[in-house]
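Protein chains in written order, with the working numbering: chain A, 1 to 328; chain B, 329 to 683; chain C, 684 to 1044. Cβ coordinates follow ideal geometry from the N, Cα and C atoms, glycine included. Beneath this line is the structure, given in structure tokens, with notes to follow.
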């Protein structure tokens, strides 16, 4: 067998005191504990996914049903507005042959679909507001972070502390003043209003995180570009940005998750037009009682976009949270 | 190509004086090496010339024209850095093309391609052009970095310890190649290093910096044979020069606490006490030696052996060619070549001129 | 004091060998250097001796006792690392005393032993300072003191001079050697710097890609390298290696040169070579410039190194060789010079096996 020199450097090692039987036992124990923790923390998610596919009687059954016939009732309730048919008309309604797939399912429950619900619109609002504010925070953040990292900004330390201090206040404390301000400025229940707010909240976080990443990119790169005939801004765009991409991706995801999940301000500062998904999901009220499966379905639908984004950026994220540890 | 002149340059960082009234001229086509230890101000000098740092006082001239207010781009220098000189997100080709694509240069892609290939050939990296810079070895990376400097055809090459991150064998190979490249292109080059071998072998002239002050400027031979201060004497030469406090009495030079005793140079204005220096190769071990000592340590390096000779409370170094066959603790006779003694002022460390 | 024996010791990571099975006997009081480029397995070998890494096979015997599966603390070895690994919040004295305190030594004993070792290393004035206030050379002295104070049966050193400035390195090199002569403790010293290995070691173990290439005294590895790797790795620059063809008792070399091997070699070459290809090896100092020399080459560069001049010569295209000559000799780039090789310093290698041809005396 040829020994190749291109092998990755061996960075791990087995210690002598890590081969005895006692070590093997503690190792097994550790794995069990971790697995247990994973199971416990995944139970709510499992609960939610199953609930989304349960029928109305199944979802409230006691003891809870683990095996059940899956149905998409919950999703239909989530996406539609319905009326309860008088019991006498149910049979006749069921016999109609112009019913589509969804209408047929709901007819079994004695309901007639009258139109689409607002869930879709709310989800779109969430997408618009979260992505716009995230893009803005990262864009402003990376420029500010670059300046803080590279230039002798007067009062740099104080400024950085000031930026961080905006995170020290529990945001809920300022909801009322902001609510009043927004009414005056006609930002209440507008997309712009929430976008601005989330950007302001995320910016401090973005600046701090990105500054860490940019500090790690050696200045020599830009200086080489400066000597080569580029301007500062061009050097930033062509040399710094590509190398900060890991940090930018990590920051992007963190900001996105905050803006996506934010509940309190969305509840206070929106009512109809700009309402996002988080405050609207728990209010999916059906005809007669809480529609648990619809709520579960709504939450599931709400989770999926973040999961996709996080998954797509997972390589950057992993490298991002370990900071410089894996970079040269 | 161009001449570079630094005139009374002073650079401070806060209260720290990095460069203190530094003046020197690099002639057109000259290979000038700045030698000094970490923190001596070598890199700062390069950065001031490149325009990456602004001096507090003094002027920089290119071809006699002051460039104090010119931006780095306008100065048209090429800078080879010690670390990180390549853009990790670009291929080797794009790295080489990067300076040519700078705005204001307005070169066509065809022209860029031609110049990149020319430069790549000169530093022998044509086979690497399509590779990502991430997978290059240290030597290859530094070749690419030098190639990137060549491709621009700048007025002045500024090199900041480009070889110091390479292992010994590679450093040696690249050093010879760099020397050849510079001689062929006859380019004005300012090269910074802390490695005296690099300075000795590459330079037309060497400038020795210490704590922001230029201590000596001269050819490698001048620096080695006539070091201006004890600092310079210690900085060049491996193994290090022997330096002792010595006194002159009755026409003899004596090193207190040792048996070293030499005839004083005849018509010399030597003070009564001074610092005596002699290089290890000028301590010659042999049966006809007039001095004696005890061998305390042997370091066989192959081509030569460093012999530590104990004399009283002092230990002096001698080099013997080949792998010397002495035993530790034995007595040896040796002589010190009288023509090659160095005398320094004991207080200031400055060389004493004896004529 | 102790001797160390490695029997078929190996280290594997899956399919990849970090160290191939290796046998080595280190005598009591010997100074052995493990030398090789990074990734050659020298540090892994040292760490296996220390017990910081398990062996994948083989046995380690320390002073007659099988320690293969003992913990580092049970092996009575002291290790010095490249990065001094001093505790920054403790003074030099406390750092040195630390291992003794861990062993539960009495106060007076600790004081006495720290004082002894500080005298030995000439660091008494530094004992009250914290590591942050010390120069890198002094920090490494304190680290050495901490290793010494335990009086272990052997010292394991992992590039202890690697992080020092060049001029400290030279001083510390002779200091470690002086200590070794004084204490005569078995020492295993890992380095990638052949100068260090040559200058310090009684014997050198040259490794490459997990395989021991040669074990020998500095003179042996320098003058009779067992293969091309050792020839190139030892020496600065390494041995000149020129490819040629062996026919009619003459080696045809690049640039039209013809070289008649010195006495005793023709027979050895007839017997030893696997084909007609041969590599002639000689050290830069073996070049003897002579107007009637049998070899010729062009001067590529002339480098003054202070006490001597190193010529780079070009023998045919792309075959550069180094020649060490007096600093007073004068050469110009481009001129052709003639030279001979010191007959006792010429070596031959088989290009296929890369191994040295044994001389038949």
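Contact defined as beta carbons within less than 8 Å: I believe residue 290/A pairs with residue 281/A. What is the distance between those atoms, to the nearest angstrom? Taking the first residue of the first chain as 1, we reach residue 290/A at position 290. Taking the first residue of the first chain as 1, we reach residue 281/A at position 281. No, residue 290/A and residue 281/A are not in contact; Cβ-Cβ is about 12 Å, not under 8 Å.
Minimum length 3: unbroken beta strand (DSSP E) runs contained in the segment 983-1030 of chain C: Within the segment 983-1030 of chain C, the complete beta strand (DSSP E) runs of at least 3 residues are 991-997, 1003-1009, 1019-1024.
Select from the segment 905-926 of chain C all residues with a C-beta closer than 9 Å to any C-beta belonging to chain B, and list them in chain order. Per Cβ criterion, the list reads 905, 906, 915, 916, 917, 918, 919, 920, 921.
Should residue 458/B go down as buried or exposed, given a rule of 16 or more other Cβ atoms within 10 Å for buried? Locating residue 458/B in the second chain gives position 130, where the first residue counts as 1. It counts as exposed.
When we look at the beta-carbon of residue 852/C and count the other beta-carbons within 10 Å, is it buried (16 or more) or exposed? The sequence position of residue 852/C within the third chain is 169, counting from 1. When all chains shown are included, residue 852/C counts as buried.
Test: residue 572/B CB closer than 8 Å to a CB of chain C: Indexing the second chain from 1 puts residue 572/B at position 244. Under the Cβ criterion of 8 Å, residue 572/B is not counted among the residues facing chain C.
Of the residues 697/C, 1027/C, 725/C, which one's Cα is nearest the Cα of residue 875/C? Residue 875/C sits at position 192 when you count from the first residue of the third chain. Measuring C-alpha to C-alpha distances from residue 875/C to each of 697/C, 1027/C, 725/C identifies 725/C as the nearest.
Continuous beta strand (DSSP E) stretch holding residue 118/A: start and end: As a first step, residue 118/A must be located in the first chain, where it is residue number 118. Residue 118/A -> no beta strand (DSSP E), and no H or E assigned at all.
Pick out whichever of 613/B, 653/B, 381/B, 631/B has its Cα sitting closest to the Cα of residue 637/B. In the second chain, the residue the question calls residue 637/B occupies position 309. Ranking 613/B, 653/B, 381/B, 631/B by Cα distance to residue 637/B puts 613/B first.
Using beta-carbon positions only, say whether residue 578/B and residue 603/B come within less than 8 Å of one another. Counted from its first residue, the second chain places residue 578/B at position 250. Counted from its first residue, the second chain places residue 603/B at position 275. Not closer than 8 Å, so no.
Which chain B residues are close to residue 987/C, counting only those with a beta carbon under 8 Å from its beta carbon? Position 304 of the third chain, counted from the first residue, corresponds to residue 987/C. For a Cβ distance threshold of 8 Å, residue set 528, 529, 548, 549, 552 of chain B lies close to residue 987/C, ordered along the chain.
With contact counted as at least three CB pairs below 8 Å, one residue from each stretch, are the segment 101-115 of chain A and the segment 136-147 of chain A in contact? Flag = no, the segment 101-115 of chain A and the segment 136-147 of chain A do not touch.
If we count Cβ pairs, one from each stretch, closer than 8 Å, do we get three or more for the segment 65-81 of chain A versus the segment 307-321 of chain A? With fewer than three CB-CB distances shorter than 8 Å, the segment 65-81 of chain A does not count as touching the segment 307-321 of chain A.
For residue 692/C and residue 1086/C, believed in contact at Cβ under 8 Å, the rounded distance: Past the boundaries of the shown model lies residue 1086/C; chain C is included only from 684 to 1044, so the question cannot be answered.
Residues of chain A with a CB under 8 Å from the CB of residue 405/B: which are they? Locating residue 405/B in the second chain gives position 77, where the first residue counts as 1. Result: 227.
Return the residue from the list 487/B, 623/B, 591/B that minimises the CA-CA distance to residue 295/B. Within the shown structure, residues of chain B are numbered from 329 to 683, placing residue 295/B beyond reach of any answer.
Is it true that the segment 829-842 of chain C meets the segment 756-763 of chain C, where meeting means three or more beta-carbon pairs spaced less than 8 Å apart? Flag = yes, the segment 829-842 of chain C and the segment 756-763 of chain C touch.
Counting along the chain, where does the alpha helix (DSSP H) carrying residue 883/C start and finish? Start at 1 with the first residue of the third chain, and residue 883/C comes out as number 200. From DSSP, the alpha helix (DSSP H) with residue 883/C extends over 877-883.
Return the CA-CA distance between residue 349/A and residue 125/A, expressed in angstroms with no decimal places. There is simply no residue 349/A to check, as chain A begins at 1 and stops at 328 in what is shown.
Rounded separation between residue 94/A and residue 39/A - CA only: For this step, residue 94/A is matched to residue 94 along the first chain. For this step, residue 39/A is matched to residue 39 along the first chain. When the Cα atoms are used, residue 94/A and residue 39/A turn out to be separated by approximately 43 Å.
Can you pull the chain B neighbours of residue 230/A, defined as C-beta to C-beta under 8 Å? Looking up residue 230/A in the first chain gives position 230. Per Cβ cutoff of 8 Å: 401, 430, 431.
So which of 69/A, 156/A, 96/A has the shortest CA-CA distance to residue 51/A? To locate residue 51/A, count along the first chain from 1; it is residue 51. Nearest of 69/A, 156/A, 96/A to residue 51/A, Cα basis: 69/A.
Following the continuous beta strand (DSSP E) through residue 738/C, name the residue where it begins and the one where it ends. Position 55 of the third chain holds residue 738/C. Run containing residue 738/C: none; DSSP gives neither H nor E here.
Between the beta-carbon of residue 1049/C and the beta-carbon of residue 775/C, is there less than 8 Å? Past the edges of chain C, shown from 684 to 1044, lies residue 1049/C, and the structure says nothing about it.
Under a CB-based cut-off of 8 Å, is residue 4/A close to chain B? Counting from 1 along the first chain, the entry for residue 4/A is found at position 4. For residue 4/A, the predicted model reports a pLDDT of 37, less than 50, meaning its position is unreliable; a value from the coordinates is still stated below. Residue 4/A has a beta carbon lying at 8 Å or more from every beta carbon in chain B.
Would you kindly check if the distance between the Cβ of residue 491/B and the Cβ of residue 510/B is under 8 Å? Your numbering for residue 510/B matches position 182 in the second chain. Your numbering for residue 491/B matches position 163 in the second chain. Result no, Cβ atoms of residue 510/B and residue 491/B do not sit closer than 8 Å.
Per-residue burial, residue 176/A [other beta carbons within 10 Å of its own, 16 or more giving buried]: Counted from its first residue, the first chain places residue 176/A at position 176. Residue 176/A is exposed by the Cβ-count criterion.
Can we say the segment 392-409 of chain B touches the segment 349-361 of chain B, given the rule of at least three CB pairs closer than 8 Å? No: the two stretches stay apart, fewer than three of their Cβ pairs being nearer than 8 Å.
Can you tell me whether residue 524/B is buried or exposed, with buried defined as 16 or more other CB within 10 angstroms of its CB? Locating residue 524/B in the second chain gives position 196, where the first residue counts as 1. Within a 10 Å sphere around the beta-carbon of residue 524/B sit 16 or more other beta-carbons, which makes this residue buried.
Interfacial residues, the segment 479-504 of chain B to chain C, with Cβ spacing under 9 Å: Going along the segment 479-504 of chain B in chain order, one finds 495, 496, 497, 500, 501, 503, 504 with a Cβ nearer than 9 Å to chain C.
Listed in chain order, which residues of the segment 557-589 of chain B have Cβ atoms closer than 8 Å to some Cβ of chain C? Residues 562, 564, 565, 566, 567, 568.
Using a Cβ-Cβ distance cut-off of 8 Å, determine whether residue 306/B contacts chain C. Residue 306/B lies beyond the residue range present for chain B, which begins at 329 and ends at 683; the question has no answer from this structure.
With distances taken Cα to Cα, identify the nearest neighbour of residue 190/A among 172/A, 230/A, 268/A. Here residue 190/A is taken as the residue at index 190 of the first chain, counted from 1. Answer by Cα proximity: 268/A.
Between 53/A, 297/A, 251/A, 229/A, which has its C-alpha nearest residue 432/B's C-alpha? Taking the second chain and counting its residues from 1, one reaches residue 432/B at position 104. It is 229/A.
Quick check: the Cα distance between residue 134/A and residue 255/A, rounded to an integer number of angstroms? The residue given as residue 134/A occupies position 134 in the first chain. The residue given as residue 255/A occupies position 255 in the first chain. Separation of residue 134/A and residue 255/A (C-alpha to C-alpha, rounded to the nearest whole angstrom) is 6 Å.
Please report the straight-line C-alpha distance between residue 227/A and residue 619/B, rounded to a whole angstrom. Position 227 of the first chain, counted from the first residue, corresponds to residue 227/A. Position 291 of the second chain, counted from the first residue, corresponds to residue 619/B. Take the alpha-carbon of residue 227/A and the one of residue 619/B: they are about 58 Å apart.
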